[in-house]
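Student: Here it is, the structure, as structure tokens.
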Amino acid sequence: MGGPLWARRPRGWTIVKGEVEPDEDLLAAAEREFAEETGAPAPTGPRLPLGQVRQSGGKVVHAWAIEVTKGADVTLVESNSFEMEWPPRSGRRQSFPELDRAEWHDVDAARELVVAAQTAFLDRLPAPAP
Numbered sequence: 001m002g003g004p005l006w007a008r009r010p011r012g013w014t015i016v017k018g019e020v021e022p023d024e025d026l027l028a029a030a031e032r033e034f035a036e037e038t039g040a041p042a043p044t045g046p047r048l049p050l051g052q053v054r055q056s057g058g059k060v061v062h063a064w065a066i067e068v069t070k071g072a073d074v075t076l077v078e079s080n081s082f083e084m085e086w087p088p089r090s091g092r093r094q095s096f097p098e099l100d101r102a103e104w105h106d107v108d109a110a111r112e113l114v115v116a117a118q119t120a121f122l123d124r125l126p127a128p129a130p
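For the sequence shown, full-length UniProt numbering begins at 1 and goes up steadily by one.
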């Protein structure tokens, strides 16, 4: 995750996520948020629904998996930004990237990086083919 609140925190990684617009389909919202936050369209291919989780702050997150075998170069990620008051109660607004970096990890490594609630998505992935 981007922004100063998550800097240097263990287990601060997250999937791309965001708010659903009125009358917007959940998958369409996920694809839109992916494009907005990474600067690239969502990869093509069949989507595997991974259901939803409730994070510790109460936010409900829905996720889909896509098997990407080529053409997903994380060096091409160009995050959008958001503004927030920083430092807290300072009255100053600063701009921060939504994503401070993007990397590929295997499931075991990802389990150690993502926010705790999102490990449930990893548990729902099918086992890799032998």
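Note that the Cβ used here is the ideal one computed from N, Cα and C, for glycine as well.
Source: prediction; values computed, not measured.
#1: CB Q118 to CB V53, shorter than 8 Å?
#2: With a threshold of 8 Å on Cβ separation, who are the neighbours of E37 within its own chain once the five nearest residues in sequence on each side are excluded?
#3: So for E103, helix, strand or coil by DSSP?
#4: Apply the 10 Å Cβ neighbour rule to V114 and answer buried if 16 or more other Cβ atoms are within range, or exposed otherwise.
#5: Which residues mark the beginning and the end of the beta strand (DSSP E) in which E85 is found?
#6: In the structure shown, what three-state DSSP assignment does L50 receive?
#7: Need the endpoints of the beta strand (DSSP E) that A65 sits in, please.
Tutor: From the atom records:
#1: Against a cut-off of 8 Å, the Cβ pair of V53 and Q118 comes out as a contact.
#2: Here E37 has V16, G18, S79, N80, E98 and L99 as same chain residues with Cβ atoms under 8 Å from its own Cβ, once five neighbours each way along the sequence are excluded.
#3: When DSSP states are grouped into helix, strand and coil, E103 belongs to the coil group.
#4: V114 is buried by the Cβ-count criterion.
#5: Looking at the DSSP string, the run of the beta strand (DSSP E) that includes E85 is S81 to E85.
#6: In the three-state reduction of the DSSP assignment, L50 falls in the strand class, which pools E and B.
#7: Residue range V60 to A65 is occupied by the beta strand (DSSP E) that includes A65.
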